[in-house]
Amino acid sequence: MPGSEKDAGNKPNDHYKSRLSTWRYTLRYWCLPIVREETQILARMQEAVRTPLLDAYFAWTANLASHTFYVLMLPPSFWFGASSMGRDLVFVLGMGIYITGFCKDLLCLPRPRSPPLHRITMSSYTAQEYGWPSSHSANATAVTLVLLAKVLELHGTMSVASFYGLLFVLALYYFSLIVGRLYCGMHGFFDIAAGIVIGTGLFFFRFFYGAAYDEWLLFSSRNTSWFGIVGTVSMIILGHLSLIHIYPEPVDDCPCFDDSVAFVGVLIGLDLAHYTCVLTGYFAAKNEYGDPLLIPFDSGCSPVVALARFVVGVGLVVLWKSLSKPVIFTILPPLYKMIGVNLPRSHFISTAHTKKSNRQVRSQSLSNMKNEPLADLDSVLNPITVTMSPENDIDAYELLDYQAKNSSATSENGDVPVKISGVFRPRYDVEIIGRTIIYAGIAVMAVWGLGLSVVYLNLI
102 MPGSEKDAGN KPNDHYKSRL STWRYTLRYW CLPIVREETQ ILARMQEAVR
152 TPLLDAYFAW TANLASHTFY VLMLPPSFWF GASSMGRDLV FVLGMGIYIT
202 GFCKDLLCLP RPRSPPLHRI TMSSYTAQEY GWPSSHSANA TAVTLVLLAK
252 VLELHGTMSV ASFYGLLFVL ALYYFSLIVG RLYCGMHGFF DIAAGIVIGT
302 GLFFFRFFYG AAYDEWLLFS SRNTSWFGIV GTVSMIILGH LSLIHIYPEP
352 VDDCPCFDDS VAFVGVLIGL DLAHYTCVLT GYFAAKNEYG DPLLIPFDSG
402 CSPVVALARF VVGVGLVVLW KSLSKPVIFT ILPPLYKMIG VNLPRSHFIS
452 TAHTKKSNRQ VRSQSLSNMK NEPLADLDSV LNPITVTMSP ENDIDAYELL
502 DYQAKNSSAT SENGDVPVKI SGVFRPRYDV EIIGRTIIYA GIAVMAVWGL
552 GLSVVYLNLI
């Protein structure tokens, strides 16, 4: 191992001890042995069952709980007559991503060590995150429970074959995602269990209190005055932005914060879009149920109309993403500098105080957005990669710390090169609000963009 690489990790434990508060470091110190103890068990399990077919199956099915998959699959629930279920799904997924990301960056626990595990993935983005808790297991649990509740609710309206067929599909979906995280070496039992608890908790909160929360937020007596309306809009925006404000600072360059900001933006956009639906009563006047949140849809429409609705909806979302990013990052940097906006956050440069030009800030921010969590579809179509080495600083510090405390680790794992980059890509604080606006706009476009389009194009 070259001396310069080893020097960066001479005291890997101090890397976290010196950067985390005492209570965060103490919690991490207590939990770290659990992660390490599981590694050898997982490695033996993986070695016993690995086949090329299973590698491909679990790598591909992991995409069914990816952020890209959800951004493609969530809007159709609003477009095809399931707005209530859509709100449930957006809530459990948005808060699930936020809470798991919050916990990951709070304790900075690594994924199970590689080596000895092989990491099998199609997304290098996911591999850059901390390990505990598992976002995939939280997402899979919450989504499965929401869909299971809907299937049970509609039990009496479907055939026996359809009912049990749907139950089988849900069970296969859940099994594939949970077992797949273990098989692919991406998570351990500790990560998975915590994710299941978070996903289950979010489902039960939404199941028992979701209707009451929506009633209080969207349909309250505040709607009778402009003061009340402004108050509700302020609560929606400031309440969600406070989630970003209290988000913990990670030690390493972990993308969890980007994920959380994106989904907080989606939650803001959806609540604002639906609140506008309630205030205007536009959709209520156009569907037979008088439901202000239900975009007009005839379940008996032809396949051509249904396909056209989907194409229009996806087109609007893609158009918004493509056009909004350059516009937003053209407007915000000079605005930040003019007003003196300062959002202090480690690893982010103050746009208001940087000596870089607005054009340079815009260029760097747009470049960083290429690494966003809800990436373009081609990122899902990457080939399967199998690695057995540290993939980032998180992995590298963990392996160095493990080797320092276990003299047999080097001989057991061979001469594994460990390199610490120690650098973060240049980030500007303008990206935080910019990303929030972009993803809020996706939700607004999915509701109002599609809703107005189907009315004026007569795609009902």
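The sequence shown runs 102 to 561 under this note's numbering.
Just so it is clear, CB atoms sit at the ideal spot from N, CA and C, and this is done for glycine as well.
These figures come from a predicted structure and were not determined experimentally.
Boundaries around I221 are those of the beta strand (DSSP E), R220 to T222, since no alpha helix (DSSP H) includes it. In the displayed model, Y390 falls within coil according to three-state DSSP, outside both helix and strand. By the Cβ criterion, the region 262-282 is not in contact with the region 168-176, since fewer than three pairs of Cβ atoms, one from each stretch, lie closer than 8 Å. Three or more pairs of CB atoms, one per stretch, sit closer than 8 Å, so the region 206-213 contacts the region 125-138. In the three-state DSSP reduction, I369 falls in the helix class (H, G or I). CA-CA distance, L395 to N388, rounds to 7 Å. DSSP places P177 inside the alpha helix (DSSP H), whose first and last residues are P176 to W180. Looking at the DSSP output, Y265 sits in no beta bridge, so it has no partner there. Along the region 295-370, the alpha helix (DSSP H) occurs as fully enclosed runs of 4 or more residues at 327-346, listed in sequence order.
Listed in chain order, the alpha helix (DSSP H) runs fully inside the region 382-446 are 404-440, counting runs of at least 4 residues. Closest in C-alpha terms to G311, from the list R120, L190 and I221, comes L190. Counted as a single uninterrupted DSSP element, the stretch harbouring W549 is not any alpha helix (DSSP H), since DSSP gives it neither H nor E. Scanning its chain for C-beta atoms nearer than 8 Å, with the 5 sequence neighbours on each side dropped, one finds around Y376 the residues L318, L319, T333, V334 and I337, in chain order. CA-to-CA, the gap between A166 and Q141 works out to about 26 Å.
The beta carbon of P435 sits closer than 8 Å to those of N459, all from its chain and outside the five residues before and after it, given in chain order. Annotation: the continuous alpha helix (DSSP H) that includes R137 extends over T123 to V150. A distance below 8 Å between beta-carbons, with the five flanking residues on each side excluded, links N443 to the following residues of its chain, in chain order: S451, A453, H454 and D530.
Among the bridge pairs identified by DSSP, I450 is matched with Y529. Shortest Cα-Cα distance from S466 to any of P445, D359 and L420 involves D359.
Taken through DSSP and simplified to helix, strand or coil, W161 comes out as helix. Here T325 is not near L246, since their CB atoms are 8 Å or more apart. Exposed is the label assigned to M439, since fewer than 16 other Cβ atoms lie within 10 Å of its Cβ. One thing to note: G182 has its Cβ within 8 Å of the Cβ of S400. A direct Cα-to-Cα measurement between S260 and L273 gives close to 20 Å. Taking 8 Å as the cut-off, the Cβ atoms of V193 and A241 do not count as close. Taking a contact as a CB-CB distance under 8 Å, the pair T201 and I293 does not count as one, their CB atoms being some 12 Å apart. L194: member of the alpha helix (DSSP H) spanning S184 to L208, first to last residue.
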